[in-house]
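S.K.: Below is one structure. I have some questions about it.
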Amino acid sequence: AHAVRTVENLKRFCGITDPEELEREANRFELEIVNASKRNGRTGIVILPNAKETLAPLQAGTPKEGKTDMGHLHIGAYATAALETVGITQPEAFVTAGDVTRGKPNGISPEPYLIGAKLCSVDPSKCLVVEDAPNGIRSGKAAGAKVLAVLTSHTREAVQAAEPDWIVPDLTTLDM
């Protein structure tokens, strides 16, 4: 489920409660998603148009200049493998499900973005969250950040209801 931590799904649907087994199975499951996406002639994980170009100047900065935080990717093993697959260097400030106590759907927690801002040594109000999911938009807003929504996975109506600061069709409209 989008923005639901894998460990939460494993607890709920598989009855796994042992923390070590949860971590091991979450990693195995997430890596299998990446690997399975390449089987039987499938193209695998596909990078969104202009994503590399948008991130490049941000990744060239330093944490104090507001270096990128991949807080919107909330799955540890999956996020790391997905970035490798599409050729994006993992940023120094990298927030995954293992870094937060509450995922975005649980009360629209701002925690992922607050942690990311702290890792970048930046006040959250000086941050820009780029999100495609309504709960992620709400999470970024709850953290006090400005939020740019991209219409890559949800309808315009669903995205508008989350009240982002800006909405763009996709990352091809951005120039950093």
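Numbered per this note's numbering, the sequence shown spans residues 1305 to 1480. Backbone N, C-alpha and C define an ideal beta-carbon position, used for all residues, glycine too. Because the structure is a prediction, the values reported are computed rather than measured.
(1) If contact is defined by three or more beta carbon pairs under 8 Å, each pair taking one atom from either stretch, is the region 1331-1341 in contact with the region 1451-1462?
(2) Quick check: THR1310 and PHE1333, are their CB atoms within less than 8 Å of each other?
(3) Under the three-state reduction of DSSP, which class applies to LEU1352: helix, strand or coil?
(4) Tell me LYS1450's beta-bridge partners as DSSP assigns them.
(5) Let's test the definition: count the other Cβ atoms within 10 Å of the Cβ of THR1393 and tell me whether it reaches 16, buried, or not, exposed.
(6) Please report how far the alpha carbon of VAL1449 lies from the alpha carbon of GLY1319, in whole angstroms.
(7) Could you spell out where the alpha helix (DSSP H) holding ILE1419 opens and where it closes?
(8) Give me, in chain order, the residues of the same chain whose beta-carbon lies closer than 7 Å to that of VAL1559; leave out the 5 immediate sequence neighbours on both sides.
(9) Quick one: measure Cβ to Cβ for LEU1455 and ASP1469, integer angstroms, because I've assumed they're closer than 8 Å.
(10) Please state whether DSSP places VAL1426 in a helix, a strand or coil.
(11) Please confirm whether PRO1414 and ALA1447 have their CB atoms less than 8 Å apart.
(12) Which residue comes first and which comes last in the beta strand (DSSP E) that contains VAL1472?
(13) Rounded C-beta distance between GLY1420 and ALA1397? I'm assuming under 8 Å.
(14) Does the beta-carbon distance from GLY1444 to VAL1426 come in below 8 Å?
(15) May I ask you to report which of helix, strand or coil DSSP gives HIS1376?
(16) Classify ASN1439 as buried or exposed, calling it buried when 16 or more other Cβ atoms lie within 10 Å of its own Cβ.
(17) Tell me whether ALA1360 is buried or exposed, calling it buried when 16 or more other Cβ atoms sit within 10 Å of its Cβ.
M.R.: Well, looking at it:
(1) no
(2) Walking along the sequence shown from the start, residue 1310 turns up at place 6. Walking along the sequence shown from the start, residue 1333 turns up at place 29. Yes, Cβ-Cβ distance for THR1310 and PHE1333 is below 8 Å.
(3) Walking along the sequence shown from the start, residue 1352 turns up at place 48. If DSSP states are grouped into helix, strand and coil, LEU1352 belongs with coil.
(4) Residue numbering aside, residue 1450 sits at position 146 when the sequence shown is read from its first letter. Paired residues: LEU1432.
(5) In the sequence shown, the residue the question calls residue 1393 occupies position 89. It counts as exposed.
(6) For the purposes of this step, residue 1449 is identified with residue 145 of the sequence shown, where counting begins at 1. For the purposes of this step, residue 1319 is identified with residue 15 of the sequence shown, where counting begins at 1. Before going further, note that residue 1449 is Ala rather than Val in the sequence given. Rounded to the nearest angstrom, the two C-alpha atoms are 36 Å apart.
(7) Counted from its first residue, the sequence shown places residue 1419 at position 115. Run containing ILE1419: 1415-1423, per the alpha helix (DSSP H) assignment.
(8) Shown here, the chain extends from 1305 to 1480; a query on residue 1559 therefore has no answer.
(9) Taking the first residue of the sequence shown as position 1, residue 1455 is located at position 151. Taking the first residue of the sequence shown as position 1, residue 1469 is located at position 165. That belief does not hold up - the Cβ atoms of LEU1455 and ASP1469 are roughly 15 Å apart, past 8 Å.
(10) Here residue 1426 corresponds to residue number 122 of the sequence shown, with the count starting at 1. Of the three classes helix, strand and coil, the one that applies to VAL1426 here is coil, per DSSP.
(11) Here residue 1414 corresponds to residue number 110 of the sequence shown, with the count starting at 1. Here residue 1447 corresponds to residue number 143 of the sequence shown, with the count starting at 1. Yes; because the gap between Cβ atoms is below 8 Å, this pair is in contact.
(12) For the purposes of this step, residue 1472 is taken as residue 168 along the sequence shown, with counting starting at 1. That run of the beta strand (DSSP E) goes 1470-1472.
(13) By 1-based counting over the sequence shown, the position of residue 1420 is 116. By 1-based counting over the sequence shown, the position of residue 1397 is 93. That belief holds up - the Cβ atoms of GLY1420 and ALA1397 are roughly 6 Å apart, short of 8 Å.
(14) Looking up residue 1444 in the sequence shown gives position 140. Looking up residue 1426 in the sequence shown gives position 122. Contact flag unset, no.
(15) As a position in the sequence shown, residue 1376 is number 72, starting the count at 1. Confidence in HIS1376 is poor, its pLDDT being 42 and thus under 50, which makes the residue's placement too unreliable to answer from.
(16) Here residue 1439 corresponds to residue number 135 of the sequence shown, with the count starting at 1. Per the 10 Å Cβ criterion, buried.
(17) Here the question's residue 1360 lines up with position 56 in the sequence shown. The residue in question, ALA1360, is exposed, as its Cβ has fewer than 16 Cβ neighbours within 10 Å.
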